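Visitor: Take this structure, written in structure tokens, and hold onto it; I'll ask about it next.
Residue numbers (UniProt numbering): 1 to 371.
As structure tokens, this is what we get:
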């Protein structure tokens, strides 16, 4: 379970990690009230489970309560990479003297834990990792021995006061059964304090039975909505929506779409035994994404039969009303002929059938207008 920033900071507070004072608002009036209670300049931050908020205009400053209401009005409802800002975090504006980066994560490549630290943090951390790899240190962590925050801080060139914060971030990682604990930026202020200005935490759902974690919000993003329907969906940044059955086939389809000159808009695996209802839910989710300009359904029938997939497509098209974006379908395997006949008989103008995977990907890419 990925947490919103404000939920991550709730965990940070529990473990003694300094964070700015603030509160969560779902209306402009609430944002104004929180700003008035803080009585200092504030920052209005969109609460979405994706990066790039700052560049998208989802983080704004306000000098006082009236300005906080105005900025919250602008941010609430904002669409950031398919995630709708249903709430904002209103925090005291903390001016950093220096920005750093700190994270603990499960390193699946090594099967262990990893600390990632840099004396340089902020919005360009991804670019930094590419342009100056030495600026981001990676230290394997022995889970039994734990970490020595002072040693890690010194190795990364962080201020001495960051050592205790790193110890407590590792405490969050262990005590909360987290898969990722990230702070970017971790700031040092002019008066020597070290503060978690942002927070990203991903928790292991398998450990939910032994925790009183913050409760998840109602489904707001496409990923949340897909998860609530039992779909394995990941939002990407392209224009071709992709549906397939089986993770391997979907990954291959993403590659073929890219080779055809377009970028996939998502990963969506309906699974090996998907029903017509699941197929319909998947298509509805993808067509809810405004970035999608064409859809590619690539199914090899096995346990999931092609007639069930075709029935799901027809069901979704009936329930969605007018669908103008083209849907390219490639069906092969179990009951493929029956599935193709169901789609042909439906005669929906948005549906195009192509017999091969490469041909279907090429048509979907062309219909999307490319990357």
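Where is the CB? At the ideal position from N, CA and C, for every residue including glycine.
Fair warning: this is a prediction, and the values are worked out from it, not measured in the lab.
Give the range of the alpha helix (DSSP H) segment to which residue 112 is assigned.
Guide: Here residue 112 refers to the residue found at position 112 of the chain shown. Taken as a continuous stretch (DSSP letters only), residue 112 belongs to no alpha helix (DSSP H), being part of the beta strand (DSSP E) at 112 to 118.
Visitor: Nearest by alpha-carbon distance to residue 238: which of 247, 289, 213 and 199 is it?
Guide: As a first step, residue 238 is located in the chain shown; it is residue number 238 there, counting from the start. The shortest Cα separation from residue 238 among 247, 289, 213 and 199 belongs to 289.
Visitor: Whose C-beta lies closer than 7 Å to the C-beta of residue 147 among residues of the same chain, with five residues either side of it excluded?
Guide: Against the chain shown, residue 147 aligns to sequence position 147. Cβ within range, chain order: 115, 141, 166, 167 and 170.
Visitor: Note the first and the last residue of the continuous alpha helix (DSSP H) segment covering residue 55.
Guide: The residue given as residue 55 occupies position 55 in the chain shown. From DSSP, the alpha helix (DSSP H) with residue 55 extends over 53 to 56.
Visitor: Leaving out the 5 sequence neighbours to the left and right, which residues in its chain are closer than 8 Å to residue 5 when beta-carbon positions are compared?
Guide: Here residue 5 refers to the residue found at position 5 of the chain shown. So the qualifying residues of the chain are 45, 47, 89, 198, 199 and 200.
Visitor: Write down every uninterrupted run of the beta strand (DSSP E) in the segment 178 to 254 whose length is 3 residues or greater and which is fully enclosed by it, in chain order.
Guide: For the segment 178 to 254, whole beta strand (DSSP E) runs of length 3 or above, ordered along the chain, are 178 to 188, 194 to 196, 200 to 203, 232 to 235 and 240 to 244.
Visitor: How far does the beta strand (DSSP E) with residue 99 in it reach, from first residue to last?
Guide: As a working note, residue 99 is residue 99 in the chain shown. Segment 98 to 107, the beta strand (DSSP E) holding residue 99.
Visitor: How many angstroms separate the CA atom of residue 15 from the CA atom of residue 173?
Guide: Translated into the one-based positions of the chain shown, residue 15 becomes position 15. Translated into the one-based positions of the chain shown, residue 173 becomes position 173. Near 11 Å, if we compare the C-alpha coordinates of residue 173 and residue 15.
Visitor: Need the endpoints of the beta strand (DSSP E) that residue 61 sits in, please.
Guide: Sequence index remark: in the chain shown, residue 61 carries index 61 (1-based). Where residue 61 is concerned, the enclosing beta strand (DSSP E) stretches over 59 to 62.
Visitor: Does residue 85 come out as helix, strand or coil in the three-state DSSP assignment?
Guide: As a first step, residue 85 is located in the chain shown; it is residue number 85 there, counting from the start. Three-state DSSP puts residue 85 in coil, outside helix and strand.
Visitor: Given residue 367, which residues of its chain have a CB within under 6 Å of its CB, disregarding the five upstream and five downstream residues?
Guide: Along the chain shown, one-based indexing puts residue 367 at 367. Contacts found: 294 and 326.
Visitor: Could you pull the start and end residues of the beta strand (DSSP E) that residue 288 belongs to?
Guide: Counting from one through the chain shown, the residue named residue 288 turns up at place 288. First-last for residue 288: undefined, no H or E at that position.
Visitor: Is residue 219 buried or exposed, if buried means 16 or more other CB atoms sit within 10 Å of its CB?
Guide: Counting from one through the chain shown, the residue named residue 219 turns up at place 219. Unreliable positioning characterises residue 219 in this predicted model, as indicated by a pLDDT of 47, which lies under 50. The coordinate reading is nonetheless provided below. Looking at its Cβ environment, which holds fewer than 16 other Cβ atoms inside 10 Å, residue 219 is exposed.
Visitor: Residue 266 bridges to which residues according to DSSP?
Guide: Residue 266 sits at position 266 when you count from the first residue of the chain shown. Its beta-bridge partners are 235.
Visitor: Looking only at DSSP bridge pairs, what is residue 296 linked to?
Guide: Position 296 of the chain shown, counted from the start, is the residue given in the question as residue 296. DSSP output for residue 296 lists 242 and 328 as bridge partner(s).
Visitor: Going by beta carbon distance, what residues of the same chain come within less than 6 Å of residue 284, once the five residues before and after it are set aside?
Guide: If you number the chain shown from 1, residue 284 lands on position 284. Taken in chain order, the residues that qualify are 316.
Visitor: When burial is assigned at 16 or more other CB atoms within 10 Å of the CB, is residue 259 buried or exposed?
Guide: To locate residue 259, count along the chain shown from 1; it is residue 259. The residue in question, residue 259, is exposed, as its Cβ has fewer than 16 Cβ neighbours within 10 Å.
Visitor: DSSP three-state call for residue 35: helix, strand or coil?
Guide: Walking along the chain shown from the start, residue 35 turns up at place 35. It is helical.
Visitor: Just how far apart, CA to CA, sit residue 330 and residue 347?
Guide: Indexing the chain shown from 1 puts residue 330 at position 330. Indexing the chain shown from 1 puts residue 347 at position 347. Rounded to whole angstroms, residue 330 to residue 347 spans 16 Å at the Cα level.
Visitor: Give the C-beta separation of residue 240 and residue 256 to the nearest angstrom, bearing in mind that I take them to be a contact with Cβ-Cβ under 8 Å.
Guide: Within the chain shown, residue 240 is the residue found at index 240, counting from 1. Within the chain shown, residue 256 is the residue found at index 256, counting from 1. Between residue 256 and residue 240 the Cβ distance is about 10 Å, and since that is not below 8 Å, they are no contact.
Visitor: Quick one: grab the DSSP three-state call for residue 45.
Guide: As a position in the chain shown, residue 45 is number 45, starting the count at 1. The answer is strand: DSSP assigns residue 45 an E or B state.
Visitor: Note down the Cα distance separating residue 349 from residue 287, rounded to an integer number of angstroms.
Guide: Your numbering for residue 349 matches position 349 in the chain shown. Your numbering for residue 287 matches position 287 in the chain shown. Rounded to whole angstroms, residue 349 to residue 287 spans 16 Å at the Cα level.
Visitor: For the putative contact between residue 28 and residue 73, defined by C-beta atoms under 8 Å, what is the C-beta separation to the nearest angstrom?
Guide: To locate residue 28, count along the chain shown from 1; it is residue 28. To locate residue 73, count along the chain shown from 1; it is residue 73. 4 Å between Cβ atoms; contact.
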